[in-house]
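Each step along the sequence shown adds one to the number in the working numbering, with nothing skipped, and position 380 is 368.
We put the beta carbon where it would ideally sit given N, CA and C, even for glycine.
Note that this is a predicted model, so its numbers are computed, not measured.
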Amino acid sequence: MIFFTVSDEYTQNLHTAPRITREIFCYKDNVLLQSRLYPTDLEDQKTLYRSIVQQAIATCLDKPNLWSIKRGKEAEPYGESATDSNHYPDYKYGYAVASLLKGETDYIPMTIGSVARCVCCGGEQKSEKTSMRTRDRIRQIVSSGHFAGGFVPYGYRAINKGRVNKRDQPVKDLEINPDEAAWVREVFTKVAEEGASGYAMAQMLNQRGLRTRQGAEFQSSNIKRIIQHEGYTGYIITKAARSEFMPQLQIIDEALFAKANEMIGKRSRKAQKDKNAAQKSGNPTLLAGIVVCAHCVAKMSAFLHTDRYKLADGSIREKVQAKYNCYQRGQHLRECDGQALYLAERVGRIVVAYADELFRKIKSEPYDKSIEQRIRQQDAEHNRQKQAAEKKIRAAQYKQKRYEDEVLKCLEGESAFSQEVLARLIAQAEAEVRQAKDEYASMLQNNDDRTTVQQIRSYYDEFLGWANEFSLATVERKRAILAQLFEKVEIGKGYKITIHVRGTYRQFLMGGDPHGEL
């Protein structure tokens, strides 16, 4: 029995009134167990409430209202939790009070609690010792391609398709919601292709009158969770399981998912140093995120600047123009002898003309398979270097162990080395091992950035695709393309501009050499 109190102002529908206090009473076979009183475990209140319940029980049983009280350790023998229940055993921690009906001889301990069940699958929700079985059951449900309950991702709806759980209760499965799937696909496309920010996408959805599952406006955090949910590529995914590919649930392809996540990754604080995406997707300039000062190598910011001109008649004319600003110079944060401001339109014309020339070249030059051969040769050379590095580590470790084994002989006077010489040799061997391992780790790290034969064709097709769409693309799309094609654009005095093309794409214009000069 759940015993609770409410304010005097409530005279009906007491079960819906706010609780002031609450506690649990359990009765069976002449034993009444009283749990802790929430929110304050005051003894006077507990005594009053216990007396009310005792009187009610005695009246129902038609027996004298006489009870003996057991507290703390004395109350423990009269109650136990049901196996695998989630009941909190107050009586085991000295909080419970046991009331024994006087005049009786049998006081049988009662079992309290029951096994909770999942409302979605009907599976038992047991204590920690069997929670693994629950997770296994959810894993089985998901792995078999069924929805295990919980939050329904945007773009889908949960409907009854005739499936039932172990208790013969209907459970729901997922299917694509065409209306939601359309804007989910649009969000992914704008983020991946135009570099749109989470804030901009949230504003777009809110302006269309769309709301979250809870009826609130979309925030950038909602957009980020949508972009990071891999289930849109055709899977049901939970923390513990992942289904097989389910084409009937695919809203976007894996390539679009990867590009969108790469874009939001560039905006993260961890990528602040190397990011090449505009801080705000509504930025009016083409090169925001990749423009740097050629004099102090600091990233430049873009903003709208108002120029004022005094005309011959004395009137003032204002002109608003987008400009790039060397923030480090303007705030005197570092030495910089470059210009303070550069017209974004002028810089953009120069860079776009250069990009158009690159696109013209890639259209006129066929795919060169010799690039694949060069990569295969590099792979073979890398494997040779890797084997040599591993051999060097083993040799250094063997030398170190040989010297360490010599220590015991040295202590017994049987070694050809003195203690001082042996200590010096061991230290040298340890240094050689560390150096060999560092070289090996550095080699593996450098290899992570290398292009594989499988990737090279996709890079070429991507480059060619940009060439075909660039002239007709929107400003947002052009900005996203240039941010992927160019590593950075350096601007110096007098609009001297140096453009660094990423080696991934430069190799198609340099006979396969990603480090060649254009």
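Query: 7 Å CB neighbourhood of Y493 in its chain, flanking five on each side removed; Result: Y447, F451, L473
Query: The beta strand (DSSP E) enclosing F291, as first and last residue numbers; Result: 289 to 298
Query: Spatial neighbours of N148 in its chain, beta-carbon cut-off 7 Å, leaving aside the 5 residues before and after; Result: P158, K160
Query: Whole-number beta carbon distance between F496 and I350, since they are thought to touch under 8 Å; Result: 6 Å
Query: Sequence-distant residues of its chain with Cβ nearer than 8 Å to A190 (five each side left out); Result: E205, F206, Q207, S208, N210, I211
Query: Nearest to A243 (by Cα), restricted to the options A290, Q236, A180, I57; Result: A180
Query: I304 and I485 closer than 7 Å at C-beta; Result: no
Query: Nearest residue (CA-CA) to F176, options Y483, I240, R196; Result: I240
Query: Residues near C324 in its chain [Cβ-Cβ closer than 8 Å; skip 5 each side]; Result: C281, H283, C284, A286, C314, Q316, R317
Query: Helix, strand or coil at T492 [DSSP, three-state]; Result: helix
Query: Within 7 Å, strictly: CB atoms of F(-9) and Y37; Result: yes
Query: Beta-carbon proximity of Q238 to G219, cut-off 7 Å; Result: no
Query: Outcome for I252 when other beta-carbon atoms lying within 10 angstroms are tallied against a minimum of 16; Result: buried
Query: R467 classed as buried or exposed, judged by whether at least 16 other C-beta atoms fall within 10 angstroms; Result: buried
Query: Top-ranked residue by Cα proximity to E369, from A471, I96, M431; Result: M431
Query: Delimiting residues of the alpha helix (DSSP H) encompassing R467; Result: 463 to 473
Query: Distance between A417 and G453 (C-alpha atoms, nearest Å); Result: 54 Å
Query: Delimiting residues of the beta strand (DSSP E) encompassing V140; Result: Where V140 is concerned, there is no enclosing beta strand (DSSP E), given that its DSSP letter is neither H nor E.
Query: Whole-angstrom distance between K476 and A259, CA atom to CA atom; Result: For A259, the predicted model reports a pLDDT of 48, less than 50, meaning its position is unreliable and no value from the coordinates is stated.
Query: F206 - DSSP class collapsed to helix/strand/coil; Result: coil
Query: Complete beta strand (DSSP E) runs within the stretch 14 to 39 (minimum length 3 residues, chain order); Result: 19 to 22
Query: Three or more C-beta pairs below 8 Å linking the stretch 379 to 395 and the stretch 407 to 424; Result: yes
Query: Option in Y428, G482, D449 with minimal Cα separation from Q375; Result: Y428
Query: Contact under 7 Å by Cβ, Y312 with V340; Result: no
Query: Residue burial classification, S231 (beta-carbon count within 10 angstroms, cutoff 16); Result: buried
Query: Residue of G326, A332, H320, L274 minimising C-alpha distance to H293; Result: A332
Query: S87 versus G137: straight-line alpha-carbon distance, rounded; Result: 43 Å
Query: Same chain, Cβ closer than 8 Å to F139, neighbours up to 5 away in sequence not counted; Result: R201
Query: Limits of the beta strand (DSSP E) - the one that E163 falls within; Result: 158 to 164
Query: Residue range of the unbroken alpha helix (DSSP H) whose run includes Q316; Result: 315 to 318
Query: Beta-carbon proximity of V19 to Y83, cut-off 7 Å; Result: no
Query: Alpha-carbon spacing of T(-7) relative to A5, whole angstroms; Result: 9 Å
Query: Opening and closing residue of the beta strand (DSSP E) in which F(-9) lies; Result: -10 to -7
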